[in-house]
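Chains S and E are the protein sequences, given in the same order. First residue of the first sequence? That's 1 in full-length UniProt numbering, and the numbers climb one at a time after it. First residue of the second sequence? That's 1 in full-length UniProt numbering, and the numbers climb one at a time after it. Where is the CB? At the ideal position from N, CA and C, for every residue including glycine.
There are 2 protein chains.
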Amino acid sequence: MDFRLLKHFITLSDTLHFGRASEQCHTSPSTLSRSLQQLERELSTTLIERDNRHVSLTPQGVHFQRYARDTLDQWETIKRTLANDAAQLTGDISIYCSVTASYSFLYELLSDFRLQHPGIEFKLHTGDPANAMNRVLSGDDDMAITPRPRTPPPALAFKSLTRSSLVFIAPTTPADWLPHTPESSTAQQWEAVPMILSEAGLSREYADTWFKALGVTPRIYAQVAGHEAIVSMVGLGFGVGVVPKIVLDNSPLADSVKVLHVKPELPYYDVGLCVLNRRLKRPRIQALWEAVSERHP
Amino acid sequence: MDFRLLKHFITLSDTLHFGRASEQCHTSPSTLSRSLQQLERELSTTLIERDNRHVSLTPQGVHFQRYARDTLDQWETIKRTLANDAAQLTGDISIYCSVTASYSFLYELLSDFRLQHPGIEFKLHTGDPANAMNRVLSGDDDMAITPRPRTPPPALAFKSLTRSSLVFIAPTTPADWLPHTPESSTAQQWEAVPMILSEAGLSREYADTWFKALGVTPRIYAQVAGHEAIVSMVGLGFGVGVVPKIVLDNSPLADSVKVLHVKPELPYYDVGLCVLNRRLKRPRIQALWEAVSERHP
DNA sequence: GCTATCTATTGCGTAAAACGCTATATTTGC
DNA sequence: GCAAATATAGCGTTTTACGCAATAGATAGC
Numbered sequence: 001m002d003f004r005l006l007k008h009f010i011t012l013s014d015t016l017h018f019g020r021a022s023e024q025c026h027t028s029p030s031t032l033s034r035s036l037q038q039l040e041r042e043l044s045t046t047l048i049e050r051d052n053r054h055v056s057l058t059p060q061g062v063h064f065q066r067y068a069r070d071t072l073d074q075w076e077t078i079k080r081t082l083a084n085d086a087a088q089l090t091g092d093i094s095i096y097c098s099v100t101a102s103y104s105f106l107y108e109l110l111s112d113f114r115l116q117h118p119g120i121e122f123k124l125h126t127g128d129p130a131n132a133m134n135r136v137l138s139g140d141d142d143m144a145i146t147p148r149p150r151t152p153p154p155a156l157a158f159k160s161l162t163r164s165s166l167v168f169i170a171p172t173t174p175a176d177w178l179p180h181t182p183e184s185s186t187a188q189q190w191e192a193v194p195m196i197l198s199e200a201g202l203s204r205e206y207a208d209t210w211f212k213a214l215g216v217t218p219r220i221y222a223q224v225a226g227h228e229a230i231v232s233m234v235g236l237g238f239g240v241g242v243v244p245k246i247v248l249d250n251s252p253l254a255d256s257v258k259v260l261h262v263k264p265e266l267p268y269y270d271v272g273l274c275v276l277n278r279r280l281k282r283p284r285i286q287a288l289w290e291a292v293s294e295r296h297p
Numbered sequence: 001m002d003f004r005l006l007k008h009f010i011t012l013s014d015t016l017h018f019g020r021a022s023e024q025c026h027t028s029p030s031t032l033s034r035s036l037q038q039l040e041r042e043l044s045t046t047l048i049e050r051d052n053r054h055v056s057l058t059p060q061g062v063h064f065q066r067y068a069r070d071t072l073d074q075w076e077t078i079k080r081t082l083a084n085d086a087a088q089l090t091g092d093i094s095i096y097c098s099v100t101a102s103y104s105f106l107y108e109l110l111s112d113f114r115l116q117h118p119g120i121e122f123k124l125h126t127g128d129p130a131n132a133m134n135r136v137l138s139g140d141d142d143m144a145i146t147p148r149p150r151t152p153p154p155a156l157a158f159k160s161l162t163r164s165s166l167v168f169i170a171p172t173t174p175a176d177w178l179p180h181t182p183e184s185s186t187a188q189q190w191e192a193v194p195m196i197l198s199e200a201g202l203s204r205e206y207a208d209t210w211f212k213a214l215g216v217t218p219r220i221y222a223q224v225a226g227h228e229a230i231v232s233m234v235g236l237g238f239g240v241g242v243v244p245k246i247v248l249d250n251s252p253l254a255d256s257v258k259v260l261h262v263k264p265e266l267p268y269y270d271v272g273l274c275v276l277n278r279r280l281k282r283p284r285i286q287a288l289w290e291a292v293s294e295r296h297p
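Structure follows, in structure tokens:
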């Protein structure tokens, strides 16, 4: 069923005259006649009673007239609506990040953007940054805030937002296993320290590398998913942890831990936003990406 | 816009896969691709984001999905509705008749039919039977109850329902102009009688003929549209009238008038139903016509 | 009652469009 | 890096749609 048939039917039912209706439709009477025949064939009913001299609507025709008008109206409406949707960006953007990131970066990142694109809704998923890239690669989330990996997958675009140092943290309460002179680390004073590290992710990799360089196999007290939980456990006195400094800065437990200024220092690492290259084609994703790019050239 | 495009879009948005969708649509992937392109061209927007490996709905696509489903649903609904309309006759039938006919014939005529075809509504127009045929010829009414004319127009079909006599009626109150021996009419005793006749119509023609045969030019006291009004005027004592006997039988004023048994008697005439031949093609008209034909073979 | 007129419909030749097959380009998983 | 997957463009064929002219049925006027 083509909407042209509906238009023809409506003009026909208004004029009740094939000749005049055909002028209004910019077509020939024969086309109109065949349009009506096709419509009636599809509906298996007679819409217009006609002979060579009279044209009149059947009850079904009267009924169908309402349908036809409504249907064409709805079509015009959806066209307008979609045009508006296109002019003003709409839809969801889902972002995966750590709790810390949701406190620190996100507000600044989104505050302007929300005002500029009120049609876009954000869905936040928080969790261990170690999962961030997989969430994006699998398409579960559009974007993620994550440490930049050494070799980003080619399917991903990455944009640095800030650099953060990794720091060792220890409980403020005394403990006999605490290294006495962290400024000059030795294998001896670290090998007995109970360590609380990430299960996976860049912070774990850097910590492992650090210990390896020192020639120590660390004593792993706990492996934790999520940096925030590391702060908790260290605060409770269970051991020494390695977390991004930014996590510490945003932690409500910052007072119950202290930074150990170890030498050599753990490396800095980039924290940034990542997205699938192909999703950058989506206008709303592209808009956010560009908004972020302006702030972080 | 063809509904095929909507079907293709819906299957595509369900499967998010051109190959599988094309199987469900019994068509080729390239057709599907072109359907979507055409749809997007008509809407000037992107409904489905796609590359060689991924297919996903845009926000506009999600929006349009609802529209497409609704539109196809409505199409199915109107198809079913019209099929019912066709199976069970619907629409209006307008009947023109005199007030008397509406009392006497009509109830009997329509009582069964209404039960059998509850979808048909009747519109009754009452008025002077003299207008009846014109109302039908002009298409203002579908049918009329009317005296059968001497030569019915070829465009009309006519079916006799009953025969009725025309009678002279006089007031029951005494009046000096009343003919003394109506059983043997003479020109002398009629020429002074104030007559109350129809303006037009068969009863008037027959009355005129009757007076002509008697060699009298009647004294017309009043010309009235509608037989019922004649009974009223006669009952009030204004003169002698000519009405179909059936009008008298159904008149609430029957007691205030009396029948004059004149010789020669006025002729009988057929009262029946008439309709435009071409309107007999309409199913509901045809159904009523046939129902009447069964009762009046 | 006949004729002129009006008008929806059909036949037919042409134009357009829709379709499917195949090739292509691009992406992804191993 | 290679093989599999997959949406899409090109192209020849088939189907469909269109308009013109002819036709048939009905009406109005003389």
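Which chain S residues are close to residue i, counting only those with a beta carbon under 9 Å from its beta carbon?
{"i": "E/W75", "result": "M1, Y67, T71"}
Could you name the residues of chain S that residue i contacts, counting a contact when the two beta carbons are closer than 7 Å?
{"i": "E/L82", "result": "L43, T45, Q60, H63, F64"}
{"i": "E/R114", "result": "Residues of chain S passing the Cβ test: none, with the nearest at roughly 16 Å."}
{"i": "E/R282", "result": "E49"}
{"i": "E/H54", "result": "R278"}
Taking 7 Å as the CB-CB limit, is residue i close to chain E?
{"i": "S/G91", "result": "yes"}
{"i": "S/K79", "result": "yes"}
Which whole-angstrom value is the C-beta distance of residue i and residue j, which I expect to be below 8 Å?
{"i": "E/I285", "j": "E/V271", "result": "Wrong, their Cβ atoms sit about 20 Å apart, outside the cutoff."}
{"i": "E/V259", "j": "E/I169", "result": "6 Å"}
{"i": "E/L288", "j": "E/I93", "result": "6 Å"}
{"i": "residue 317 of chain E", "j": "E/Y103", "result": "The requested residue 317 of chain E does not occur in the structure, where chain E is confined to residues 1 to 297."}
{"i": "E/L36", "j": "E/H63", "result": "Incorrect: roughly 15 Å between the Cβ atoms, too far for contact."}
{"i": "S/L202", "j": "S/P149", "result": "7 Å"}
{"i": "E/G215", "j": "E/D128", "result": "Contact doesn't hold; Cβ gap of about 29 Å is too wide."}
{"i": "E/H125", "j": "E/L89", "result": "Contact flag wrong, Cβ pair sits at about 21 Å."}
{"i": "S/V234", "j": "S/V257", "result": "5 Å"}
{"i": "S/R282", "j": "E/E49", "result": "6 Å"}
{"i": "E/G61", "j": "E/L47", "result": "4 Å"}
{"i": "S/Q65", "j": "S/S28", "result": "The pair is not a contact, with the Cβ atoms about 23 Å apart (cut-off 8 Å)."}
Any beta carbon from chain S within less than 7 Å of residue i's own beta carbon?
{"i": "E/D85", "result": "yes"}
{"i": "E/K159", "result": "no"}
Original post:
Going along the region 1 to 30 of chain S in order, which residues come within less than 9 Å of chain E, judged by CB to CB distance?
Top reply: M1, D2, F3, R4
Original post:
At a Cβ cut of 7 Å, what residues of the region 269 to 280 of chain E count as close to chain S, listed as they run along the chain?
Top reply: R278
Original post:
Of all the alpha helix (DSSP H) runs that stay within the bounds of the region 15 to 102 of chain S, which reach a length of 4 or more residues?
Top reply: 18 to 24, 29 to 43, 59 to 87
Original post:
Mind pulling the beta strand (DSSP E) runs of 3 or more residues that sit fully within the region 128 to 155 of chain E?
Top reply: 143 to 147
**OP:** Within the region 195 to 263 of chain E, note down every full alpha helix (DSSP H) run reaching 4 residues or more, in order along the chain.
**Re:** 202 to 214, 227 to 235, 245 to 249
**OP:** Mind listing, in chain order, the continuous beta strand (DSSP E) runs of no fewer than 3 residues lying wholly within the region 264 to 288 of chain E?
**Re:** 268 to 276
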